[in-house]
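Reviewing the structure listed below.
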Amino acid sequence: MASETSNIVFDRAQLRRQRNRAAGGAADHDFLLAYVSDDLVDRLSIVTRSFPAALNLGAHHGLLSRRIRELDNVGVVIDADASLNLLMQCTGPRVLADEEALPFASESLDLVVSGLAFQFVNDLPGTLIQIRKALRPDGLLLATLLGGATLRELRHAWLVAESEVSGGVSPRVAPFADVREVGALLQRAGFALPVVDSETLTVTYDSPLALMRELKKMGAANALSGRHRHPVTRHLLARACKVYIDTFATSDGRIPATFELITMTAWAPHESQQKPLRPGSAQHRLADALGTTERSTGEKPDQVGNSKRRD
27 MASETSNIVF DRAQLRRQRN RAAGGAADHD FLLAYVSDDL VDRLSIVTRS
77 FPAALNLGAH HGLLSRRIRE LDNVGVVIDA DASLNLLMQC TGPRVLADEE
127 ALPFASESLD LVVSGLAFQF VNDLPGTLIQ IRKALRPDGL LLATLLGGAT
177 LRELRHAWLV AESEVSGGVS PRVAPFADVR EVGALLQRAG FALPVVDSET
227 LTVTYDSPLA LMRELKKMGA ANALSGRHRH PVTRHLLARA CKVYIDTFAT
277 SDGRIPATFE LITMTAWAPH ESQQKPLRPG SAQHRLADAL GTTERSTGEK
327 PDQVGNSKRR D
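Just add 26 to wherever you are in the sequence shown, counting from 1, and you've got this note's numbering.
This is the structure:
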């Protein structure tokens, strides 16, 4: 994503208002953040180094920070969020800050974590560059954001309903990042040893309306810059719900909602880190290691493996 006005995907002011309104009930609708927090804590717990100064960027109501503070290898944890109402629920050091403009000095942090905040950043490359600069050499970035398969069912239902009812479509579900794109962005930002993985989590609800209410209470309603500013008509909403149910409902009548969780792990460069070998520097042949015969590219083996057919 770029920072030019024409590429501003998210209305950050609207997102902040939504998160401020949802702050009072945040703890009642944080199941997804809790799931992500457990995973990030598990990953951090097996890292064999200490992190005296850590930052939770996009801290929500501080759930991830409270769990990270229980780890022996993590020291001070600073919470940073653009929503004042959410930040007031955090404990420990707090900074009111936007993920797109970090107020931290160069090489001042040992660890930056983030749970479900980066997917709403317009200039993700810029944010990653700022994080890398704020990390000390060999500092760690560990973050999870929503991926492109997230809410694919809801996106489909709105597209079909609007094309039928209105004769066109409007932005309603965010265009989340692709896992391959995230890995490239980490390299572009100057991180070393980047690793990106994804997991798909499916949650079921009584109805599409129940899902939409949950998203609103999570502070994750439509904050796209190109969204329509007039209310959704009852007819359009009813049609979207019917498409959702007809297309995706399970045998017990519930509707599924997909959340793709992309987790990135990357380090600020340091001379002690492993470097990739120079091409042609190998001391042993791959054929010897595999116990096979080396052939030139022009030769064809008599048989390569075994083939099986399943009817």
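Quick reminder that beta carbons are idealized off the backbone N, C-alpha and C, glycines included.
Answer yes or no: do Q372 and L128 have a C-beta to C-beta separation smaller than 7 Å?
The question about residue 372 has no answer here: the residues shown for the chain are numbered 27 through 337.
Alpha helix (DSSP H) containing P234: first to last residue?
Run containing P234: 234-243, per the alpha helix (DSSP H) assignment.
Three or more beta-carbon pairs under 8 Å between the stretch 196-211 and the stretch 241-258, yes or no?
yes
Measure the Cβ-Cβ separation of D233 and E286 and say whether it is below 7 Å.
Here the sequence assigns Ser to residue 233, which means Asp is not the residue at that position. Cβ atoms of S233 and E286: not closer than 7 Å.
In angstroms with no decimal places, state the Cα-to-Cα distance between A54 and H87.
Reading off the sequence, residue 54 comes out as Asp, not Ala. Whole-angstrom Cα-Cα distance: 11 Å.
Rounded straight-line distance, which links the Cα of P163 to that of R38:
Roughly 31 Å separates the two Cα atoms.
Those runs of the alpha helix (DSSP H) which lie wholly inside the stretch 74-150 and span at least 4 residues
89-94, 110-113
What residue does the beta strand (DSSP E) around T170 start on, and which one ends it?
161-172
Where does V67 sit, in a helix, a strand or coil, going by DSSP?
helix
Assuming the contact rule is C-beta atoms closer than 8 Å, L166 and L137 should be a hit. Round their C-beta distance to whole Å, please.
Yes, they are in contact, since the Cβ atoms of L166 and L137 sit about 5 Å apart, within 8 Å.
Range of the contiguous alpha helix (DSSP H) that encloses D272:
260-274
So, are the CB atoms of M290 and A169 less than 7 Å apart?
yes
L227 lies in the alpha helix (DSSP H); which residues open and close that run?
Careful: L227 lies outside any alpha helix (DSSP H), inside the beta strand (DSSP E) at 218-231.
Distance between S71 and V102 (C-alpha atoms, nearest Å):
Computed Cα separation, rounded: 16 Å.
Residue from L110, A108, A79 whose Cα sits closest to the Cα of R95:
A79
Check for me: the beta strand (DSSP E) holding E286 runs from which residue to which?
281-293
List the DSSP bridge partners of L250.
Beta-bridge analysis with DSSP links L250 to F36.
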